[in-house]
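Undergrad: Protein chains in written order, with this note's numbering: chain A, 7 to 224; chain B, -7 to 344.
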């Protein structure tokens, strides 16, 4: 206790003193020593002080590696690495963010996909569905049962029934917006009335994007 | 050309087009491009073939993979209306209902508070890169796509905090440096351009990488389970200095991340009955190197072993086991010293 008091005289803050006492209490706890009521409280509090975690780890590390395991030979170079880590922590040169500090490189640990882990996959339409001839007999009417919420994936819904018109003029091809709800853009510029399109131009009609690959004059 | 013939040609054309959409949907599904698969299924259905139950059953599967369980269930109901005896649709419906209940039990959205006014002050937002959002805090450095809504981003930040606290308490360790976490939507990205293998949605390699596939924001409960899984890998790595057998590491991650699904228990039960449990040497290899059929069982089997240890001895003993492993003791004596049992005494573990 006198040791702490001398520190206090030398200008060590109360906060740092408390941290030191926490570490001392934690070391006593690891060694199975009898703890005072204050030390028990400090041991409970130590996990709430993020700044102390590296030092706590080091205490764990040295305790389990060297002190309590007399019959276990520490791995080659472990003492040197531990000493370096202690010195780095004291110098305030802790490991960089996210950098693993273990002895071994982390073996990547994967999460399997969380859904649909059944043994059978989807049916292969090409194999299990009817042939093209049988397809002719399919009912081409849109099923009334299709729920409305399916539509959010349907980009064509942003197209108007009459959306754009292409006109060939003497000086090239022009696109005209037919008063669509979601408008038309050529090369990211809104088409007010009509705009010229050239090879390489990009059209956006609602959510549908089109690229002009080739223009052939008729 | 007679009107009848025009109709027939048109019909043939639309059906062929529908078929090509369904084939394309199958291909997209096979490449884990679920959003694109859904778009093709819907495009095909729009052209016809609406009366085929298995199309709806497959569409449901694709919806399930993007976490849209309600829509998947609606599709399965259509499939069952068209074919009430469809074994596939019935099985999928039962599985999805169980899956949804498991994930719903993980988080209650009401628990997640609305972003406080000082949200932007508490976290340091980096908006210099237009395609990405970055959030920095004492605990994490999060990177995700700029299209993610602020509400979802705030909820994810809260879930990371929750994971830090809860799993820190369970395993007795709190990372001392901010953890790098990246979250990516794989929509529209082909398999070869992804950072994770097709079967995986998360990886810990010093940083945490999570992937999801959705038309919009991720499903929070699924993302939370993935985050917990990878966070356990992070804690185990730091607690053991990397000296942890794969099956203990994956078993802990899987059992802590989320409850086991019914169909997973069923698969395990089948493996036990058929005496097809994977031997210890297979479970000790990285699961990424196992063939698909073994990999699924490896995750389930490892989770079941750890679940048993937790139920019998509690997490304090698990923490002791990790400390033993950290000191370089091999797994067999570590288990003997910690639990007083041998590997042969553990259920779901086959020693060949």
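Glycine included, C-beta positions come from ideal geometry on N, C-alpha and C.
All figures in this text were calculated on a predicted structure; none of them were measured in a lab.
Apart from the five residues on each side of it in sequence, which residues of its chain come closer than 7 Å, Cβ to Cβ, to residue 295(B)?
TA: 243, 246, 247 and 252
Undergrad: To the nearest angstrom, how far is the alpha carbon of residue 10(B) from that of residue 48(B)?
TA: Between the C-alpha atoms of residue 10(B) and residue 48(B) there is a straight-line separation of about 14 Å.
Undergrad: From what residue to what residue does the alpha helix (DSSP H) around residue 149(B) run?
TA: 142 to 163
Undergrad: Output yes if chain B places a C-beta closer than 8 Å to the C-beta of residue 115(A); else output no.
TA: yes
Undergrad: Which residues in chain B sit within 7 Å of residue 59(A), going by Cβ to Cβ distance?
TA: Neighbours of residue 59(A) on chain B, chain order: 166 and 168.
Undergrad: Only counting the same chain, and skipping five residues up and downstream in sequence, which positions put a Cβ closer than 7 Å to that of residue 188(B)?
TA: 195, 201 and 203, listed in sequence order.
Undergrad: Along the chain, which unbroken stretches of the beta strand (DSSP E) at least 3 residues long are found entirely within the region 18 to 48 of chain A?
TA: none
Undergrad: May I ask which residues mark the beginning and end of the alpha helix (DSSP H) holding residue 36(B)?
TA: 26 to 39
Undergrad: Give me the chain A residues within the contact set of residue 195(B), using Cβ-Cβ distance strictly less than 9 Å, ordered along the chain.
TA: 114, 115, 116 and 117
Undergrad: Cα-Cα, which of 130(B), 80(B) and 230(B) is closest to residue 64(A)?
TA: 230(B)
Undergrad: Name the DSSP bridge partner or partners of residue 192(B)?
TA: 118(A)
Undergrad: When we look at the beta-carbon of residue 271(B) and count the other beta-carbons within 10 Å, is it buried (16 or more) or exposed?
TA: exposed
Undergrad: Does the beta carbon of residue 53(A) come closer than 8 Å to any beta carbon on chain B?
TA: yes
Undergrad: Is the beta carbon of residue 119(A) less than 8 Å from the beta carbon of residue 223(B)?
TA: no
Undergrad: Exposed or buried, which one is residue 220(A) when buried takes at least 16 other CB atoms within 10 Å?
TA: The residue is exposed, with fewer than 16 neighbouring Cβ atoms inside 10 Å.
Undergrad: Can a CB atom of chain A be found closer than 8 Å to the CB of residue 241(B)?
TA: yes
Undergrad: With a threshold of 8 Å between beta-carbons, can residue 324(B) be considered close to chain A, or not?
TA: No, because no Cβ of chain A sits closer than 8 Å to the Cβ of residue 324(B).
Undergrad: For a minimum of 4 consecutive residues, which ranges assigned as the alpha helix (DSSP H) are wholly contained in the region 179 to 236 of chain B?
TA: 212 to 232
Undergrad: Let me make sure I understand the geometry here. Which of 210(B), 264(B) and 299(B) has the alpha-carbon closest to that of residue 250(B)?
TA: Here the closest residue by C-alpha is 299(B).
Undergrad: What does the Cβ neighbour count give for residue 106(A), buried or exposed, with the cut at 16 atoms within 10 Å?
TA: Because residue 106(A) carries a pLDDT of 47, less than 50, the predicted location of this residue cannot be relied on, and the following value inherits that uncertainty. Burial call: buried.
Undergrad: Could you please tell me which residues of the region 258 to 289 of chain B, in chain order, have their CB closer than 9 Å to any CB of chain A?
TA: Those residues of the region 258 to 289 of chain B that come within reach of chain A (Cβ to Cβ, closer than 9 Å) are 259, 278, 279, 280, 285, 287 and 288.
Undergrad: Using DSSP with H/G/I as helix, E/B as strand and the rest coil, what is residue 175(A)?
TA: strand
Undergrad: Assign residue 20(A) to one of two classes, buried (16 or more other C-beta atoms within 10 Å of its C-beta) or exposed (fewer than that).
TA: exposed
Undergrad: Along chain B, which residues have their Cβ under 8 Å away from the Cβ of residue 56(A)?
TA: 130, 166 and 168
Undergrad: Alpha carbon to alpha carbon, how far is residue 215(A) from residue 186(A)? Give it in angstroms, no decimals.
TA: 15 Å
Undergrad: Could you tell me which residues DSSP puts in a beta bridge with residue 135(B)?
TA: 126(B) and 174(B)
Undergrad: Which chain A residues are close to residue 191(B), counting only those with a beta carbon under 7 Å from its beta carbon?
TA: Those within 7 Å of residue 191(B) in chain A are 118 and 119.
Undergrad: Of the residues 193(A), 212(A) and 197(A), which one's Cα is nearest the Cα of residue 218(A)?
TA: 193(A)
Undergrad: Flag this pair as touching only if the region 283 to 297 of chain B and the region 133 to 143 of chain B have three or more C-beta atom pairs under 8 Å; answer yes or no.
TA: no
Undergrad: Given a limit of 7 Å on CB to CB distance, which residues of the region 83 to 94 of chain B reach chain A?
TA: 87 and 91
Undergrad: Would you mind reading off the limits of the alpha helix (DSSP H) that contains residue 94(B)?
TA: 79 to 98
Undergrad: Excluding sequence positions up to five away, which residues of its chain have a Cβ less than 6 Å from the Cβ of residue 280(B)?
TA: none
Undergrad: Rounded to the nearest angstrom, how far is the Cβ of residue 320(B) from that of residue 235(B), given a contact under 8 Å?
TA: 6 Å
Undergrad: I'd like to know if residue 229(B) contacts chain A, where contact means its C-beta is closer than 8 Å to some C-beta of that chain.
TA: yes
Undergrad: Does any C-beta atom of chain A lie closer than 8 Å to the C-beta of residue 307(B)?
TA: Judged by the 8 Å Cβ criterion, residue 307(B) is not in contact with chain A.
Undergrad: What in chain A is Cβ-close to residue 222(B), meaning under 8 Å?
TA: 115 and 117, listed in chain order.
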